[in-house]
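**Q** Protein chains in written order, with my numbering: chain Y, 2 to 372; chain W, 2 to 372; chain V, 2 to 372; chain Z, 2 to 372.
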């Protein structure tokens, strides 16, 4: 596969490594500057996406730019005949996500979303076990996504610049992952959602460093900094009702100190329960009347159709990159028409729909039914 | 102190042991039958509360009966000039709780509620540390109370008999503890609550065993059993907003297999965070930018005024009885006029108020402000 | 039972509380001073053991003094017709332990040793499960006893005064517990031992504070302190071979920072394995080919003959005092002739024998067979 | 780098993946059969090592064959002018290891050993912190390597065939890793060792499956199986004394059920202690008088010279492959003359020396000084 990347930040570096590990051919990188693009990989560097697409004609465009640029970059990719693997969240509004899907259909190309946490072998195994009825009818689906990414009040990220991140910060940056995992693993739909939003860190100072994005609107101080009043939440508390009748609560926060990237999915069924935590992704806990069984990821735990997801014996930890590889590999296979088991643009749109419902719920202080 | 107990179930046995450990004089036990009362302790046994109070004239009546009897039993105690230590939840309605407070005032006696989980030394230490500002302004207050007490569908408890437990099962049986811990430890008030209720196990069979209470209304089958349709939730998902601006989510369940009695309080502040779990009550986790510090309960961790709460060095586990003792001792000291640092009837009423708000919220599918 | 205590330190306070909780009648306390004795409990206070025994004629003498006094105090107890419950280690030499046993036999009285860690319900349950063959033939019996009791170089305890503690510090103060647990739980004998001793903190300063014992020999500095060169190990590394063919290693240390009282017993059998840690005494881990099952202490886990050892449901933590109570209750029952299931003087002597073998092994740098 | 692999088992698959991830050019694979070699990778396949080396002239030969073949294969590699990256243990005897070193010197080529567990970022960070004095003088260095690889009595591996594995099974297969980590992280030498060996599973049945190696000597039953009496230990208990005065114990086992690959390094110093477990390689525990701090692997935790070892932010788990990559990358860099910070043949020989000392100690039941 001939791959191009647009975007040069931390997540672009992850894509670059995985493209190489999977034997993909990286044919171009486009950044805000050619220097930034050149720093990512020793391949042709661009600061003009159209030019890159025109010259390199990639099979796939990996979109690793800030949220509000996903739509334009994906559309450019489709227009150039490429498939698109887009970082999450897919877009900053439902309407934009719908336009992206239309563009994909029009171009006859595949759109995939980097819901990378689906790629853990145990996530796949748990999804299957739920489907097989191991846990019985699902009753409780709780958990959290706690991150300390925004904890330091002195830290600025492009997300804080109004208009960049979409209708939520915690919701859009990490919450979509949790919501996607819930629906993906349970095989059910969230049919009702109630949310409560908090902006704990209301003021941030842009100073123009790496990852801070272009200068936000506002008065620039003598030292070149700009004070930004953050208008998106950094914590969201959620109630969810599932199509099968289960319910649960979760808190999503980007200002939870001591939580580097804690994604917990905790489920009770009528027969058994389970808990999985992304920070220790090689085990899960299966609860029953006998107690709590810590099970290890191992090739022997997987079903035949999951065999490609894991290779190492138990006790030989797999990690974030291994899981992300699985998703990129699945998306590429989907683009080659070999599978439909990958996170699609429809899944990406679903995340935006749930985020918008949560925002409405918080504003109106009532539960919102989700179609 | 001369103590009498009304009630003979499992929690009455806990009270009996603690009364002895604290050097209290148990002067009488009253049960549904004199045999049940006699089985609890080798002291005068009654099946008539008025008779026991009249003959024994206890200083304190410990009310360990099902919820819907708390009011009548407390009122009888006050009428006989006794102080009352009442099991939680204090009553089955706000109105009943108010009548109990009026009775106490009228009698010039003290009413205390057995919010025993306040009695853990680390709960006291965390409450103080919050007050001292160690964690900064509180942002997130999440957690859970997960129990498997009602998981077995074949299990019947008096709680399932309509009219016995009050407006909720999970809420009343265990939820009040979590809500009380939140307000107690944070020193803040829950000012808004949103809830979602589930009845996962709708049908239960009464068979007349121990702890199942008297025969519920309904058709008795040939084998002497009665089928009961449960009308109270066994799971509740909550959103809470605190007076200081923090927020959080929690799930309370009595049907969560593999969770014997998991009470978690998880808090983020602007400076640090902490987590405490009742199942491992001798440690807590203090989160900061350096990582997560596991701190041990130890006398050296306590402030001077907390010195009575713990005696053993770190590594020598204290448990449920040790914590419960602290609360009984504090309540008795309160009754002797030596302290006001114990869970009062006002705290008991507060629990009922929050439960009623949660029930209203779930019914109306909207957030409810709490006075 | 009419009980007297000799000794007034921290462990005497534990005995005092348990005596009361069990309904024992405390009839006298003897200390180095009458003031110290009076401070322990509001009962007759003595500074002369013979006088206390003569005046109070207790049924049982609890010996809570430093190790080198155990022999004389136990002999005095037996001479006065009392049973003796002696703190561990039983004596400072094998010869002394043998004399104590002879005195008990001569007096027709029972000698028991406070191997309190046997009192945990899960220790009893694991001992039974081993006997039942749940784990298969035992292969590995490893673990540790890690304490930070002696970590602070500025801390002085009577143990450091030459002649007080016996042939080892870590071995005698905590190691005997681990060795006893190994033989108690496995039901096997340690038949060979190899040891390596370390004195990491060679110098300590006596200042005459509480728990530091009388002034040690040596030059007293102007500030009243005495410098003591410690001649007993604070860390011992062990290899053990069991009678059934299993083997294992362990490290015992009193200078292991961050380990308040970590006692681990980790066992592999031919069928399953288990791990138990005194710091979280309400669970154990049962390892099998399916993974690691965390089992909860619960009355339902116990056999009929173990029913008295635990009362609380799972999730309601029991602790150090609950376990210690079980051992005192068993010892008293033994003294009343009701049971022989308690730690006897023979078990106490066994500990000294193993310690002496370890000391010999370390000195001669070879494995020592133990009879 | 042009790389060739000899060997086609599980560890060869790990090397193959890492060679590709690092951008190495795999030029040939040699196996017991050309089919096995061809199955490993789509590159020229051989069943004759000399032919592969002659035709492909690789820069590096990765030796992934059973232990007793390491010497011959490494010598062949050097003779063909290749550098050699050899799997552990380096050889089956000290003499063989010495011959391999001589061959490397003669050829002017580099020999490296795949001590892959050194490659974890936290192992590097802890090694540096020890050197910086963060923990103070080291006192206790304990731990374990527990594996269930040989637990199933029905499982046969080539290791059980006499003559294949060297003087020990647990020692050679996994023990060398633990011994290497001790010396690598502490920066000290093990100067004395005492060991106790056990053969818990004495009989195994060869059936000729994958990974079982060629037919062992002995009578073949009608079903084609051969009964083998295992003459190497599956568990070893160790005492070690370090050059700096510290000491510790460890148990190494390959029959410890429920332990997929538990490698623990637990260290006490005069100031602080730490614990690291390979199964959760992204955190370590730093113990101090304040408690136990769980620290996360993160780029910010590393020193400048360690920056290449880790790329992902905290909470984004790195795993076994990431660590192994670091070692292969370091070895290749060493072969290019860019670094000497990689596990060398001298380190490999050191492992064999320690194993031989342990075996002697167990046979003679005494502690053995190690040069």
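Beta carbons: idealized from backbone N, C-alpha and C, even for Gly.
This one's a predicted model, so the numbers in the text were calculated from it and none came from an experiment.
(1) Check whether the Cβ atoms of residue 133/W and residue 97/W lie closer than 8 Å to each other.
(2) Check whether the region 29-45 of chain V and the region 305-324 of chain V touch, using three or more Cβ-Cβ pairs below 8 Å as the test.
(3) Starting from the Cα of residue 303/W, find the closest Cα among 128/W, 32/W and 352/W and give me that residue.
(4) Using DSSP with H/G/I as helix, E/B as strand and the rest coil, what is residue 162/Y?
(5) Who are the Cβ neighbours of residue 362/V in its own chain at under 7 Å, not counting the five residues just before and after it?
(6) Compare the Cα-Cα distances from residue 332/Y to each of 120/Y, 137/Y, 113/Y and 188/Y and report the closest residue.
(7) For the pair the region 67-81 of chain W and the region 162-176 of chain W, tell me if three or more CB-CB distances fall below 8 Å.
(8) Would you list the one or two residues that DSSP bridges to residue 248/V?
(9) Candidates 276/Y, 280/Y and 281/Y: which alpha carbon is nearest residue 293/Y's?
(10) Note down the Cα distance separating residue 371/Z from residue 182/V, rounded to an integer number of angstroms.
(11) Taking C-alpha atoms, which residue in 251/Y, 262/Y and 82/Y lies nearest to residue 142/W?
(12) Does the pairing of the region 113-122 of chain V with the region 343-356 of chain V give three or more beta-carbon distances under 8 Å?
(13) The beta strand (DSSP E) spanning residue 117/V covers which residue range?
(14) Ignoring anything shorter than 4 residues, give me the alpha helix (DSSP H) runs that lie fully in the region 35-119 of chain W, in order along the chain.
(15) For residue 322/Y, report the span of its beta strand (DSSP E) as first-last.
(16) Give the secondary structure of residue 357/Z by DSSP, where H, G and I count as helix, E and B as strand, and everything else as coil.
(17) Does the structure place the region 237-254 of chain W close enough to the region 242-259 of chain V that three or more beta carbon pairs sit under 8 Å?
(18) Taking only the alpha-carbon atoms, compute the straight-line gap between residue 203/V and residue 160/V and give it to the nearest angstrom.
(19) Quick one: what's got a C-beta closer than 7 Å to residue 226/W's C-beta in the same chain, skipping five residues either side?
(20) Here's the rule I'm using: 16 or more other beta-carbon atoms within 10 Å means buried, otherwise exposed. How should residue 341/V be labelled?
(21) Check the C-beta distance from residue 243/V over to residue 190/V and give it rounded, since I have them as a contact under 8 Å.
(22) Taking all protein chains shown into account, do 16 or more other C-beta atoms lie within 10 angstroms of the C-beta of residue 88/W, making it buried, or fewer, making it exposed?
(23) Are any of the Cβ atoms in chain Y nearer than 8 Å to that of residue 280/Z?
(24) Distance check for residue 290/W and residue 229/V, CA to CA, integer angstroms please.
(25) I'd like the list of long-range same chain contacts for residue 263/V, defined as Cβ closer than 6 Å, with 5 residues on each side in sequence excluded.
(26) What does residue 313/V reach in chain Y if we use C-beta pairs closer than 9 Å?
(27) Under DSSP, the alpha helix (DSSP H) around residue 181/W begins and ends at which residues?
(28) Using 8 Å as the threshold, is the C-beta distance between residue 119/W and residue 344/W below it?
(29) Can you grab the Cα-Cα spacing for the pair residue 137/Z / residue 296/W, in whole Å?
(30) Out of curiosity, what's the CA-to-CA distance linking residue 109/V and residue 20/V?
(31) What's the gap between the Cα of residue 364/Z and the Cα of residue 140/V?
(32) Show which residues of chain Y have a CB atom less than 8 Å away from the CB atom of residue 293/W.
(33) Taking only beta carbons into account, state which residues of the region 311-345 of chain Y come closer than 8 Å to chain Z, listed in chain order.
(34) Please determine, among 26/W, 330/W and 2/W, the residue with the shortest C-alpha to C-alpha distance to residue 43/W.
(35) How close, in whole Å, do the beta carbons of residue 102/W and residue 346/W come, if the pair is a contact with beta carbons under 8 Å?
(36) The region 132-151 of chain Z: which residues have C-beta closer than 9 Å to a C-beta of chain V, in chain order?
**A** According to the data block:
(1) Here residue 133/W is taken as the residue at index 132 of the second chain, counted from 1. Here residue 97/W is taken as the residue at index 96 of the second chain, counted from 1. Cβ atoms of residue 133/W and residue 97/W: not closer than 8 Å.
(2) no
(3) In the second chain, residue 303/W corresponds to position 302, counting from 1. That would be 128/W, whose Cα lies nearest to the Cα of residue 303/W.
(4) In the first chain, residue 162/Y corresponds to position 161, counting from 1. Looking at residue 162/Y - three-state DSSP - the assignment turns out to be coil, as it is neither helix nor strand.
(5) What you label residue 362/V is simply residue 361 of the third chain in a count that begins at 1. If we look at residue 362/V and ignore the five residues flanking it on each side, its Cβ neighbours are 194, 195, 196, 368 and 369.
(6) Counting from 1 along the first chain, the entry for residue 332/Y is found at position 331. Nearest C-alpha to residue 332/Y: 113/Y.
(7) yes
(8) To locate residue 248/V, count along the third chain from 1; it is residue 247. Partner(s): 141/V and 242/V.
(9) In the first chain, the residue the question calls residue 293/Y occupies position 292. For residue 293/Y, the nearest C-alpha among the options comes from 276/Y.
(10) Here residue 371/Z refers to the residue found at position 370 of the fourth chain. Here residue 182/V refers to the residue found at position 181 of the third chain. Taking the straight line from one Cα to the other gives about 33 Å.
(11) Residue mapping note: residue 142/W aligns to position 141 of the second chain, counting from 1. Comparing Cα positions, the closest option is 251/Y.
(12) yes
(13) Position 116 of the third chain, counting from 1, holds the residue named residue 117/V. Premise fails: residue 117/V is in no beta strand (DSSP E) and is neither H nor E.
(14) 35-41, 50-57, 71-80 and 95-108
(15) As a working mapping, residue 322/Y is identified with position 321 in the first chain. Segment 321-336 is the alpha helix (DSSP H) holding residue 322/Y; no beta strand (DSSP E) there.
(16) On the fourth chain, residue 357/Z is found 356 positions in, with the first residue counted as 1. Helix.
(17) no
(18) Position 202 of the third chain, counted from the first residue, corresponds to residue 203/V. Position 159 of the third chain, counted from the first residue, corresponds to residue 160/V. If I take the Cα positions, the gap works out to 13 Å.
(19) What you label residue 226/W is simply residue 225 of the second chain in a count that begins at 1. The answer, listed in chain order, is 206, 207 and 208.
(20) Counted from its first residue, the third chain places residue 341/V at position 340. It counts as exposed.
(21) If you number the third chain from 1, residue 243/V lands on position 242. If you number the third chain from 1, residue 190/V lands on position 189. So it is a contact: roughly 7 Å between Cβ atoms.
(22) For the purposes of this step, residue 88/W is taken as the residue at position 87 of the second chain. Label assigned to residue 88/W: buried.
(23) In the fourth chain, counting from the first residue as 1, residue 280/Z sits at position 279. Cβ-Cβ to chain Y under 8 Å: yes for residue 280/Z.
(24) As a first step, residue 229/V must be located in the third chain, where it is residue number 228. As a first step, residue 290/W must be located in the second chain, where it is residue number 289. Each residue's Cα considered, the two are about 42 Å apart.
(25) Taking the third chain and counting its residues from 1, one reaches residue 263/V at position 262. Within the same chain, residue 263/V has close Cβ partners 147 and 280.
(26) The residue given as residue 313/V occupies position 312 in the third chain. Within chain Y, no residue comes near residue 313/V; the closest Cβ sits about 17 Å away, beyond 9 Å.
(27) Taking the first residue of the second chain as position 1, residue 181/W is located at position 180. From DSSP, the alpha helix (DSSP H) with residue 181/W extends over 177-187.
(28) Indexing the second chain from 1 puts residue 119/W at position 118. Indexing the second chain from 1 puts residue 344/W at position 343. Yes, the Cβ-Cβ distance between residue 119/W and residue 344/W is below 8 Å.
(29) Here residue 137/Z corresponds to residue number 136 of the fourth chain, with the count starting at 1. Here residue 296/W corresponds to residue number 295 of the second chain, with the count starting at 1. Answer to the nearest angstrom: the Cα atoms are 22 Å apart.
(30) As a first step, residue 109/V is located in the third chain; it is residue number 108 there, counting from the start. As a first step, residue 20/V is located in the third chain; it is residue number 19 there, counting from the start. Their backbone Cα atoms lie some 23 Å apart in a straight line.
(31) Residue mapping note: residue 364/Z aligns to position 363 of the fourth chain, counting from 1. Residue mapping note: residue 140/V aligns to position 139 of the third chain, counting from 1. Cα to Cα, residue 364/Z sits roughly 19 Å from residue 140/V.
(32) Position 292 of the second chain, counted from the start, is the residue given in the question as residue 293/W. Under the 8 Å cutoff, chain Y gives 259.
(33) 312, 313, 314, 315, 316, 317, 318, 319, 320, 321, 322 and 323
(34) Taking the first residue of the second chain as 1, we reach residue 43/W at position 42. Closest by alpha carbon: 26/W.
(35) Stepping through the second chain from its first residue, residue 102/W is reached at position 101. Stepping through the second chain from its first residue, residue 346/W is reached at position 345. Their Cβ separation, rounded to whole angstroms, is 5 Å, which keeps residue 102/W and residue 346/W in contact under 8 Å.
(36) 138, 140, 141, 143, 145, 147 and 149
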